[in-house]
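Structure first, commentary second.
There are 2 protein chains.
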Amino acid sequence: MNAHAKIKYWLEENRQRGTRLLQQLVQEGSIRGNESSAQAVIIEKCRKLGLSLDIWEIGKDQLIKHPAFCSDRKDFSGNPNVVATLKGTGGGKSLILNGHIDVVPEGDRNDWDHDPFSGRIEDGKLFGRGSTDMKGGTVSLLLAMEAIIMLGIKLKGDVIFQSVIEEESGGAGTLAAVLRGYTADGAIIPEPTNMKLFPKQQGSMWFRITVKGRSAHGGTRYEGVNAIEKAMIVMTKLQELEKLRNLRIEDPLYSKIPIPIPINIGKINSGEWPSSVPDIAVIEGRMGVAPDEEMKSAEKELEQCLKEAAQSDNWLKKNPPQAEWFGGRWLPGDLEQDHPLMTVLSESFEAVKGKQPAVEASPWGTDGGILSKVGNTPVVVFGPGVTEAAHDVNEYISLQEVFDAAEIIALAMMEWCGINQ
Amino acid sequence: MNAHAKIKYWLEENRQRGTRLLQQLVQEGSIRGNESSAQAVIIEKCRKLGLSLDIWEIGKDQLIKHPAFCSDRKDFSGNPNVVATLKGTGGGKSLILNGHIDVVPEGDRNDWDHDPFSGRIEDGKLFGRGSTDMKGGTVSLLLAMEAIIMLGIKLKGDVIFQSVIEEESGGAGTLAAVLRGYTADGAIIPEPTNMKLFPKQQGSMWFRITVKGRSAHGGTRYEGVNAIEKAMIVMTKLQELEKLRNLRIEDPLYSKIPIPIPINIGKINSGEWPSSVPDIAVIEGRMGVAPDEEMKSAEKELEQCLKEAAQSDNWLKKNPPQAEWFGGRWLPGDLEQDHPLMTVLSESFEAVKGKQPAVEASPWGTDGGILSKVGNTPVVVFGPGVTEAAHDVNEYISLQEVFDAAEIIALAMMEWCGINQ
Numbered sequence: 001m002n003a004h005a006k007i008k009y010w011l012e013e014n015r016q017r018g019t020r021l022l023q024q025l026v027q028e029g030s031i032r033g034n035e036s037s038a039q040a041v042i043i044e045k046c047r048k049l050g051l052s053l054d055i056w057e058i059g060k061d062q063l064i065k066h067p068a069f070c071s072d073r074k075d076f077s078g079n080p081n082v083v084a085t086l087k088g089t090g091g092g093k094s095l096i097l098n099g100h101i102d103v104v105p106e107g108d109r110n111d112w113d114h115d116p117f118s119g120r121i122e123d124g125k126l127f128g129r130g131s132t133d134m135k136g137g138t139v140s141l142l143l144a145m146e147a148i149i150m151l152g153i154k155l156k157g158d159v160i161f162q163s164v165i166e167e168e169s170g171g172a173g174t175l176a177a178v179l180r181g182y183t184a185d186g187a188i189i190p191e192p193t194n195m196k197l198f199p200k201q202q203g204s205m206w207f208r209i210t211v212k213g214r215s216a217h218g219g220t221r222y223e224g225v226n227a228i229e230k231a232m233i234v235m236t237k238l239q240e241l242e243k244l245r246n247l248r249i250e251d252p253l254y255s256k257i258p259i260p261i262p263i264n265i266g267k268i269n270s271g272e273w274p275s276s277v278p279d280i281a282v283i284e285g286r287m288g289v290a291p292d293e294e295m296k297s298a299e300k301e302l303e304q305c306l307k308e309a310a311q312s313d314n315w316l317k318k319n320p321p322q323a324e325w326f327g328g329r330w331l332p333g334d335l336e337q338d339h340p341l342m343t344v345l346s347e348s349f350e351a352v353k354g355k356q357p358a359v360e361a362s363p364w365g366t367d368g369g370i371l372s373k374v375g376n377t378p379v380v381v382f383g384p385g386v387t388e389a390a391h392d393v394n395e396y397i398s399l400q401e402v403f404d405a406a407e408i409i410a411l412a413m414m415e416w417c418g419i420n421q
Numbered sequence: 001m002n003a004h005a006k007i008k009y010w011l012e013e014n015r016q017r018g019t020r021l022l023q024q025l026v027q028e029g030s031i032r033g034n035e036s037s038a039q040a041v042i043i044e045k046c047r048k049l050g051l052s053l054d055i056w057e058i059g060k061d062q063l064i065k066h067p068a069f070c071s072d073r074k075d076f077s078g079n080p081n082v083v084a085t086l087k088g089t090g091g092g093k094s095l096i097l098n099g100h101i102d103v104v105p106e107g108d109r110n111d112w113d114h115d116p117f118s119g120r121i122e123d124g125k126l127f128g129r130g131s132t133d134m135k136g137g138t139v140s141l142l143l144a145m146e147a148i149i150m151l152g153i154k155l156k157g158d159v160i161f162q163s164v165i166e167e168e169s170g171g172a173g174t175l176a177a178v179l180r181g182y183t184a185d186g187a188i189i190p191e192p193t194n195m196k197l198f199p200k201q202q203g204s205m206w207f208r209i210t211v212k213g214r215s216a217h218g219g220t221r222y223e224g225v226n227a228i229e230k231a232m233i234v235m236t237k238l239q240e241l242e243k244l245r246n247l248r249i250e251d252p253l254y255s256k257i258p259i260p261i262p263i264n265i266g267k268i269n270s271g272e273w274p275s276s277v278p279d280i281a282v283i284e285g286r287m288g289v290a291p292d293e294e295m296k297s298a299e300k301e302l303e304q305c306l307k308e309a310a311q312s313d314n315w316l317k318k319n320p321p322q323a324e325w326f327g328g329r330w331l332p333g334d335l336e337q338d339h340p341l342m343t344v345l346s347e348s349f350e351a352v353k354g355k356q357p358a359v360e361a362s363p364w365g366t367d368g369g370i371l372s373k374v375g376n377t378p379v380v381v382f383g384p385g386v387t388e389a390a391h392d393v394n395e396y397i398s399l400q401e402v403f404d405a406a407e408i409i410a411l412a413m414m415e416w417c418g419i420n421q
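Protein sequence lines correspond, in order, to chains S and F.
The opening position of the first sequence corresponds to residue 1 in UniProt numbering, with each subsequent residue numbered one higher.
The opening position of the second sequence corresponds to residue 1 in UniProt numbering, with each subsequent residue numbered one higher.
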């Protein structure tokens with residue numbers, strides 16, 4: 001029995017235990033500010049595996065002052081970052097395995113068919129907020145490590161497992177890990193890619209645009225200026241900007257993606273009274289950033305677009321719309337497609353699935369941007385689960401994919417870090 | 001000294017008392033649900049004048065089931081309607097003098113230069129929420145009645161003074177008075193017309209339009225349907241509908257008004273998260289109704305417009321925007337310009353001001369719609385104060401106009417009701 005066969009067999013034999021671990025993690029709902037109980041499950045697991053643990057509360061000066069820091073959270077205490085290292089024997093390449101423990105809010109519970117934190121299993125799927133994004137992927141990582149440890153396989157390079165907070169809100173957890181010194185020769189982030197390899201990731205950042213009007217009674221609305229009408233001019237301009245920006249994208253990885261770097265208008269609020277002319281409209285959204293683009297230059301492009309919108313209208317000329325950059329901010333990722341880590345992951349995928357993996361660019365930002373741009377660590381995003389299920393009601397993950405991903409990642413670990421025969 | 005000269009003199013001599021009455025009324029802020037203390041001031045005044053008082057809580061079955069009833073208020077108890085009648089000697093025409101006691105909320109107090117309920121006087125202006133809309137007008141009515149009573153002038157026809165609640169929210173107070181039997185040969189409503197005569201009034205009604213989308217992650221926004229984008233299609237159609245409807249208005253009374261019957265989009269809310277595609281957008285607004293138009297036919301026109309908007313877009317075709325008619329609803333008013341009440345008021349105006357009054361159509365609905373359409377009572381809206389000040393911060397009224405209006409209304413009362421020599 002070769003090492004691959006042993007891993008396959010071990011994963012089959014431990015399917016129930018692995019499933020139970022994922023169930024536990026989902027049941028410990030870890031919405032922002034409440035990550036500690038899910039982290040406790042991770043810590044217990046890592047302790048049992050004999051890994052060297054580093055548990056710390058993020059939020060020190062160095063982090064908050066870093067230009068890539070992005071968070072509106074005031075207090076990180078009680079909800080630590082966890083890093084657990086499997087020390088190699090030396091002479092191999094190191095590998096970061098990064099998963100985030102925070103999940104987005106469940107939304108309206110009535111929209112769910114069952115309790116959003118049930119961890120209910122049906123037809124080979126495990127349901128619950130965070131199952132796909134991304135506790136399923138984290139369990140793939142832990143299973144891959146456990147298989148290697150339990151099978152007595154000795155890796156040369158270090159494997160650095162990370163369970164971080166704050167990915168959904170801008171990546172402060174991974175940034176804190178990078179600043180604490182955790183960088184490596186490569187990293188895998190098992191976000192739900194539907195088992196595709198994503199060497200490039202779309203970055204993104206949130207914007208808020210304030211458009212002014214002048215209030216009046218609705219019956220004499222011509223005495224005022226309707227902020228909603230003016231906001232429509234701005235939003236039409238943003239739609240044009242999105243078209244322009246996407247026409248420039250020529251990377252074949254994006255050839256199948258309708259809008260590689262969308263500008264999403266996610267929110268608008270204006271007005272307080274049906275029969276008054278509203279004097280302010282606030283638009284919030286998310287601007288996609290191309291893998292090879294600087295965040296600053298994307299910012300400038302949107303700000304320039306607002307200036308042009310202002311020039312097209314006499315009122316806006318005197319009352320130009322204002323942009324703020326707030327909240328979420330994810331650096332893009334940009335790894336060459338023939339990077340050795342891509343080769344290793346592709347070969348491992350083929351060994352398990354009997355076919356070549358699909359390679360695409362991710363339509364969303366991940367902590368990969370921070371790991372690669374700030375931590376100089378080459379990153380591939382690859383994991384179980386489908387994007388569409390993430391953030392949605394009745395979020396679920398296919399358990400088969402969790403175990404397939406574990407198998408592929410275990411093979412990749414051996415290949416990347418090297419084995420002491 | 002003829003009757004006019006006596007009235008003029010009486011008003012001059014009682015300027016301080018009249019001003020103090022208005023100040024008291026403004027100081028008793030009477031926002032919806034808190035009308036009782038301002039009504040108490042009115043009741044005390046009417047009692048001293050020896051008027052026959054009818055004080056009652058509205059909200060009985062007959063009112064609530066009436067097709068013109070429009071209110072989302074559940075409880076009217078403790079905040080009565082007040083009607084005070086000055087009985088005539090007989091043989092004359094009756095006259096309703098109608099003022100509403102409710103005022104709109106003051107908004108953000110910080111935007112006011114002084115306490116919004118101060119009743120502060122400066123440069124001949126009295127400041128405060130409700131000063132113009134329409135406690136100033138109500139004081140004109142009370143002063144006109146008091147002058148006539150105190151000067152011993154005996155009117156033939158009845159004068160029915162009304163201080164009603166709920167005008168700002170759809171006219172349930174005046175409707176209740178009509179249903180209680182208070183109709184007359186004519187009515188004056190001293191809303192702030194800037195001393196112009198308004199024989200016609202724009203009606204209006206509130207609408208709420210719900211536009212559906214489909215949620216998705218902002219990074220793959222093409223997997224969803226943005227409710228804000230679809231709402232923009234609807235709002236553009238509403239703008240076109242407004243143009244069409246106003247092109248049809250040929251009444252010369254509207255010749256100086258840029259948009260005789262506006263469709264005001266007063267409010268939009270959509271989305272909860274910048275990086276999600278919003279799945280619902282809710283638009284609220286106010287539709288102006290022409291003096292000679294049926295409310296129902298205006299409703300149908302907007303609903304038809306939504307159907308056309310739906311036809312222009314594949315998504316909307318399957319997910320048509322829905323309209324609701326909620327909240328405020330004011331019937332239009334439509335009196336012929338050569339109605340005897342117009343003549344009487346014009347002549348009284350000329351006797352006081354030495355020039356012809358301006359005659360226009362009001363850009364907003366008043367309780368005149370209910371009085372004329374439900375109560376069959378011919379209505380002219382005429383009063384002190386400027387529309388622009390109503391509902392705005394630092395609302396104020398010119399005290400001179402309050403007394404001028406009182407003088408004009410007193411003359412009109414004598415002319416309309418007739419005098420027993």
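Even for Gly, the Cβ is constructed at its ideal location relative to N, Cα and C.
Exposed unless 16 or more other CB atoms sit within 10 angstroms - verdict on residue i
i: S/K74; result: exposed
i: S/P278; result: buried
i: S/A281; result: buried
i: F/R20; result: exposed
i: F/K296; result: exposed
i: F/M1; result: exposed
i: S/D392; result: buried
i: S/Y9; result: exposed
i: F/E250; result: exposed
i: S/K93; result: buried
Range covered by the alpha helix (DSSP H) that runs through residue i
i: S/A410; result: 399-417
i: F/V352; result: 340-353
i: F/Q27; result: 15-27
i: F/I259; result: No alpha helix (DSSP H) holds F/I259; DSSP gives it neither H nor E.
i: F/G137; result: 136-150
i: F/V381; result: Not the alpha helix (DSSP H): F/V381 falls in the beta strand (DSSP E), residues 379-381.
i: F/N420; result: Premise fails: F/N420 is in no alpha helix (DSSP H) and is neither H nor E.
i: F/G385; result: Taken as a continuous stretch (DSSP letters only), F/G385 belongs to no alpha helix (DSSP H), as it is neither H nor E.
i: S/Q39; result: 36-48
Partners in chain C for residue i, counting only beta-carbon separations shorter than 7 Å
i: F/R248; result: The structure shown contains no chain C; its protein chains are S and F.
Residue i, DSSP secondary structure in three states
i: F/L155; result: strand
i: F/G266; result: strand
i: F/S362; result: strand
i: F/N334; result: Rather than Asn, the amino acid found at residue 334 of chain F in this sequence is Asp. Three-state result, F/D334: strand.
i: F/S276; result: strand
For residue i, the first and last residue of its enclosing beta strand (DSSP E)
i: F/I280; result: 280-289
i: S/K125; result: 125-127
i: F/K52; result: Residue identity differs from the one stated: residue 52 of chain F is Ser in this sequence, not Lys. Element bounds for F/S52: 52-56.
i: S/R329; result: 322-330
Member of the options whose CA lies at the smallest distance from the CA of residue i
i: F/E106; options: F/A323, F/D334, F/S163, F/G29; result: F/G29
i: F/F382; options: F/S346, F/G354, F/A351, F/M414; result: F/S346
i: F/L25; options: F/P67, F/K196, F/G136; result: F/G136
i: S/I406; options: S/E350, S/S140, S/E294; result: According to the sequence shown, residue 406 of chain S is Ala rather than Ile. The shortest C-alpha separation from S/A406 is found at S/S140.
i: S/L82; options: S/S36, S/Q23, S/K300; result: According to the sequence provided, residue 82 of chain S is Val. The question's Leu does not apply to it. Minimum Cα distance to S/V82 is reached at S/S36.
i: F/A231; options: F/L302, F/I268, F/E308; result: F/I268
i: S/E168; options: S/G152, S/V159, S/E191; result: S/E191
- Write down every uninterrupted run of the beta strand (DSSP E) in the stretch 157-232 of chain F whose length is 3 residues or greater and which is fully enclosed by it, in chain order. Runs of the beta strand (DSSP E) inside the stretch 157-232 of chain F: 159-164, 187-189, 197-201, 203-212.
- Runs of beta strand (DSSP E) wholly within the stretch 59-116 of chain S (minimum 3 residues, chain order): Qualifying beta strand (DSSP E) stretches, in chain order: 81-86, 95-100.
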